[in-house]
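Engineer:
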Amino acid sequence: MSAAPPTVYTVTQLTTSIRATLEHAFPDVWVEGEVSNLRIPASGHVYFSLNDQESQIRAVLFRRMAAVLPFRLENGLTVLARGRVSVYEPRGDYQLLLEYLEPKGIGALQVAFEQLKKRFEQEGLFDPARKRPLPFFPRRVGVITSGTGAALHDIVTIVQRRCPVIRLRLFPVAVQGPGAAQQIADAVRLANQHTDLDVLIVGRGGGSWEDLWSFNEEVVVRAIASSRIPVISAVGHEIDFTLSDFAADYRAPTPSAAAESVSPVLVDLIDGIRENNARLVQAMRGTFRFHRNQVELALHALPVPLQILQPQVQRVDELNFRLGSGIRAMLAAVRPRLAALATGLERVGPGQSWQRGSLMLPQLLRRLSRAMPWVLTEKKHQLRTVASTLETLSPLAILSRGYSIIETRPGGTIVKDAQSVQVGDRILARLAEGRLSCLVEQTERQS
Numbered sequence: 379m380s381a382a383p384p385t386v387y388t389v390t391q392l393t394t395s396i397r398a399t400l401e402h403a404f405p406d407v408w409v410e411g412e413v414s415n416l417r418i419p420a421s422g423h424v425y426f427s428l429n430d431q432e433s434q435i436r437a438v439l440f441r442r443m444a445a446v447l448p449f450r451l452e453n454g455l456t457v458l459a460r461g462r463v464s465v466y467e468p469r470g471d472y473q474l475l476l477e478y479l480e481p482k483g484i485g486a487l488q489v490a491f492e493q494l495k496k497r498f499e500q501e502g503l504f505d506p507a508r509k510r511p512l513p514f515f516p517r518r519v520g521v522i523t524s525g526t527g528a529a530l531h532d533i534v535t536i537v538q539r540r541c542p543v544i545r546l547r548l549f550p551v552a553v554q555g556p557g558a559a560q561q562i563a564d565a566v567r568l569a570n571q572h573t574d575l576d577v578l579i580v581g582r583g584g585g586s587w588e589d590l591w592s593f594n595e596e597v598v599v600r601a602i603a604s605s606r607i608p609v610i611s612a613v614g615h616e617i618d619f620t621l622s623d624f625a626a627d628y629r630a631p632t633p634s635a636a637a638e639s640v641s642p643v644l645v646d647l648i649d650g651i652r653e654n655n656a657r658l659v660q661a662m663r664g665t666f667r668f669h670r671n672q673v674e675l676a677l678h679a680l681p682v683p684l685q686i687l688q689p690q691v692q693r694v695d696e697l698n699f700r701l702g703s704g705i706r707a708m709l710a711a712v713r714p715r716l717a718a719l720a721t722g723l724e725r726v727g728p729g730q731s732w733q734r735g736s737l738m739l740p741q742l743l744r745r746l747s748r749a750m751p752w753v754l755t756e757k758k759h760q761l762r763t764v765a766s767t768l769e770t771l772s773p774l775a776i777l778s779r780g781y782s783i784i785e786t787r788p789g790g791t792i793v794k795d796a797q798s799v800q801v802g803d804r805i806l807a808r809l810a811e812g813r814l815s816c817l818v819e820q821t822e823r824q825s
């Protein structure tokens, strides 16, 4: 009896059979390994290997799943992968067709957070030099948050209580779930089209890491970083941090703290203005008193200004009188010559007298016009000399050159002789700026 002939498979038949066997035996498996040989071609599918210390297996994450992956795959990242075992028939390679992927030992969102933070830091979006100071007293504040959340209620209540003159403009958005990040980014750009807004508050109340994730999305971070208006990020509670906090000009730990940062207490401002006004009035009065004392001191210590000015005024009057006398004397000297000239003209006849007179008169007028400016210039020079002398003799000018006035007491006798005081006497030295109280330790009389 002859043996049955062996079953002969083609390569394709065998590969197909192996594929069916593997897919039936391993329809849903979890595999832990380290990512290597990562490739992402133009198709969007992700190809890589999962390794441990002794083996490796190929893995594929198709574009549909890769698009919703919250973090970025990198070589060297240890992951937990879920999928089914299959065979890529053209090469006969067995591989994992993945449906889920997460970093091992840390959540996928945390990995995405760290990756995005590192990339934005490298781009300079979190650079402190980019951050702008908040306005001290904003008149209009834009608020980007949920129109029905507790955060909006807290912001409105605090602003109205602290500074009711501030006006709020709400840009309602979804703050979590699909599409929330795009709504927030669009609201930031819309708010920047309003030229009357002084500052923006972007935020929401507390929640889970997943609830706050919209404020970590790239589209929101870039919208905040490019805002023309200063932005306050107020997301969650004090312990919560999002990438929006790093991109904003100011991070408030809560929405309530954000409201306080933009609303100074109006009553305190009014009280501060009144106090500063009172201090200013007091300072001005003190300044006036100081300068009045200086003037009184100068008048008391030095000759009365009129006593200094009188001789100079008389000198000016004298110069003015001499100027008038000089002009009259010049005219008196010219008149006889004009009269003699007129007599001579009459003797020689009308025609000749007119001709000679017409020649001599312009010469005399020119001489007179040349003499007048010279006299005026000379008198002006003398007047400036007198003014300079007055300025030099000014009491304030004398004190400003380093001199002082010594009195036995405020408003007392001026000390002119060292013998008029005794050792141990208290004297007062008045300077150009202020005064000194001095104790006499020794007296000497100049020989």
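For the sequence shown, our numbering assigns the number 379 to the initial residue and increments by one for each residue that follows. Think of the CB as a built atom: it goes at the ideal place given N, C-alpha and C, for glycine as much as any other residue.
1. With a CB to CB cut of under 8 Å and the five nearest residues on each side skipped, what residues in its chain are close to V577?
2. Return the residue from the list L392, L447, G581 that minimises the CA-CA distance to V551.
3. Taking the beta strand (DSSP E) that L476 belongs to, which residues open and close that run?
4. Indicate whether H423 and F404 have their beta-carbon atoms separated by less than 8 Å.
5. For S592, which three-state DSSP category applies?
6. Please give the ranges of any beta strand (DSSP E) in the region 522-566, keeping only runs that are unbroken, at least 3 residues long and fully inside the region.
7. Counting pairs of beta carbons, one from the region 531-542 and one from the region 560-578, are three or more of them closer than 8 Å?
8. Applying the 10 Å Cβ sphere with the 16-neighbour rule, what's the burial state of N453?
9. Is DSSP giving R442 helix, strand or coil here?
10. With DSSP run on the structure shown, which of helix, strand or coil describes T620?
11. Pull up the distance between the alpha-carbon of L458 and that of A437, whole angstroms please.
12. Under a CB-based cut-off of 8 Å, is P384 close to chain C?
13. Please name the residue in V598, V643, G585 whose C-alpha comes closest to that of E616.
14. Which stretch, first to last residue, makes up the alpha helix (DSSP H) that contains I396?
15. So, does the region 663-675 touch the region 631-646, judging by three or more C-beta pairs under 8 Å?
16. Taking only the alpha-carbon atoms, compute the straight-line gap between S592 and G555 and give it to the nearest angstrom.
17. By the DSSP assignment, the beta strand (DSSP E) with E410 in it spans what residues?
18. Measure the beta-carbon distance from S524 to V566 and round it to whole angstroms, keeping in mind my assumption that it falls under 8 Å.
19. Entirely within the region 623-681 and at least 4 residues each: give me those alpha helix (DSSP H) ranges in chain order.
20. Looking at C-alpha atoms only, which residue of A612, G470, D649, Y628 is the closest neighbour of Q391?
21. Specify, as a first and last residue, the run of the beta strand (DSSP E) that R517 falls within.
22. Assign E595 to one of two classes, buried (16 or more other C-beta atoms within 10 Å of its C-beta) or exposed (fewer than that).
23. Inspect the beta-carbon positions of A807 and L817 and report whether they are closer than 8 Å.
24. Select from N570, W408, F619, N654 the residue whose C-alpha is nearest the C-alpha of E480.
25. Am I right that I784 and I805 are in contact with their C-beta atoms under 8 Å? What's the rounded C-beta distance?
26. Put S798 into one of helix, strand or coil per three-state DSSP.
27. For F699, is the classification buried or exposed, using 16 other Cβ atoms within 10 angstroms of its Cβ as the cut-off for buried?
28. Report the three-state DSSP secondary structure of L455 (helix, strand or coil).
29. Pull up the distance between the alpha-carbon of Q538 and that of A612, whole angstroms please.
30. If I'm right that E477 touches G502 with Cβ under 8 Å, what's the distance once you round it to whole angstroms?
31. For the putative contact between F549 and I522, defined by C-beta atoms under 8 Å, what is the C-beta separation to the nearest angstrom?
32. Between which residues of its own chain and L675 is the CB-CB distance below 7 Å, once the five residues before and five after are set aside?
33. Taking 6 Å as the limit between beta carbons, can you name the residues of its chain near A636, skipping five residues before and five after?
34. Taking the DSSP output, what are the residues bridged to R462?
35. Look at the Cβ atom of V543, then the Cβ atom of L451, and state whether they are nearer than 8 Å.
Structural biologist: The short version:
1. Within the sequence shown, residue 577 is the residue found at index 199, counting from 1. Within the same chain, V577 has close Cβ partners L512, P513, P516, V519, G520, I607, P608, V609, I610, V640.
2. As a first step, residue 551 must be located in the sequence shown, where it is residue number 173. Minimum Cα distance to V551 is reached at G581.
3. Taking the first residue of the sequence shown as position 1, residue 476 is located at position 98. That run of the beta strand (DSSP E) goes 471-481.
4. On the sequence shown, residue 423 is found 45 positions in, with the first residue counted as 1. On the sequence shown, residue 404 is found 26 positions in, with the first residue counted as 1. Against a cut-off of 8 Å, the Cβ pair of F404 and H423 comes out as no contact.
5. The sequence position of residue 592 within the sequence shown is 214, counting from 1. In the structure shown, S592 sits in a helix (DSSP, three-state: H, G or I).
6. 545-550
7. no
8. On the sequence shown, residue 453 is found 75 positions in, with the first residue counted as 1. Classification of N453: exposed, given that the 10 Å Cβ count is below 16.
9. Within the sequence shown, residue 442 is the residue found at index 64, counting from 1. It is helical.
10. In the sequence shown, the residue the question calls residue 620 occupies position 242. T620: coil per DSSP, three-state reduction.
11. Reading the sequence shown from its first residue, position 80 is the one you call residue 458. Reading the sequence shown from its first residue, position 59 is the one you call residue 437. One C-alpha to the other measures close to 12 Å.
12. Of the protein chains in the structure, only one exists, and it is not chain C.
13. Translated into the one-based positions of the sequence shown, residue 616 becomes position 238. Measuring from the Cα of E616, the nearest candidate turns out to be G585.
14. Within the sequence shown, the letter at position 18 stands for residue 396. It spans 389-403 - the alpha helix (DSSP H) in which I396 sits, taken as one unbroken run.
15. no
16. Locating residue 592 in the sequence shown gives position 214, where the first residue counts as 1. Locating residue 555 in the sequence shown gives position 177, where the first residue counts as 1. Distance between the alpha carbons of S592 and G555: 7 Å.
17. Working through the sequence shown from its first residue, we reach residue 410 at position 32. Counting along the chain, the beta strand (DSSP E) containing E410 begins and ends at 407-417.
18. As a first step, residue 524 must be located in the sequence shown, where it is residue number 146. As a first step, residue 566 must be located in the sequence shown, where it is residue number 188. Between V566 and S524 the Cβ distance is about 15 Å, and since that is not below 8 Å, they are no contact.
19. 633-640, 644-679
20. As a first step, residue 391 is located in the sequence shown; it is residue number 13 there, counting from the start. Q391 has its Cα closest to that of G470, out of A612, G470, D649, Y628.
21. Sequence index remark: in the sequence shown, residue 517 carries index 139 (1-based). It is not in any beta strand (DSSP E) - R517 carries neither H nor E in the DSSP assignment.
22. On the sequence shown, position 217 is the one that residue 595 refers to. The residue in question, E595, is buried, as its Cβ has 16 or more Cβ neighbours within 10 Å.
23. Position 429 of the sequence shown, counting from 1, holds the residue named residue 807. Position 439 of the sequence shown, counting from 1, holds the residue named residue 817. Contact flag unset, no.
24. Position 102 of the sequence shown, counting from 1, holds the residue named residue 480. If we check each option's Cα against that of E480, W408 comes out closest.
25. Here residue 784 refers to the residue found at position 406 of the sequence shown. Here residue 805 refers to the residue found at position 427 of the sequence shown. Yes, they are in contact, since the Cβ atoms of I784 and I805 sit about 6 Å apart, within 8 Å.
26. Within the sequence shown, residue 798 is the residue found at index 420, counting from 1. Looking at S798 - three-state DSSP - the assignment turns out to be helix.
27. By one-based count along the sequence shown, residue 699 stands at place 321. Answer is exposed; the Cβ neighbour count stays below 16.
28. Taking the first residue of the sequence shown as 1, we reach residue 455 at position 77. The answer is coil: DSSP assigns L455 none of H, G, I, E or B.
29. Position 160 of the sequence shown, counted from the start, is the residue given in the question as residue 538. Position 234 of the sequence shown, counted from the start, is the residue given in the question as residue 612. Distance between the alpha carbons of Q538 and A612 is about 18 Å.
30. As a working note, residue 477 is residue 99 in the sequence shown. As a working note, residue 502 is residue 124 in the sequence shown. At roughly 38 Å, the Cβ-Cβ gap does not stay under 8 Å, so E477 and G502 are not in contact.
31. In the sequence shown, counting from the first residue as 1, residue 549 sits at position 171. In the sequence shown, counting from the first residue as 1, residue 522 sits at position 144. The Cβ separation is near 5 Å, so the contact holds.
32. Position 297 of the sequence shown holds residue 675. These residues qualify, in order along the chain: I783, R808.
33. Here the question's residue 636 lines up with position 258 in the sequence shown. Same-chain partners within the cutoff: I579, I610, A612, A630.
34. Residue numbering aside, residue 462 sits at position 84 when the sequence shown is read from its first letter. Its beta-bridge partners are L475.
35. As a first step, residue 543 must be located in the sequence shown, where it is residue number 165. As a first step, residue 451 must be located in the sequence shown, where it is residue number 73. No, they are not a contact pair.
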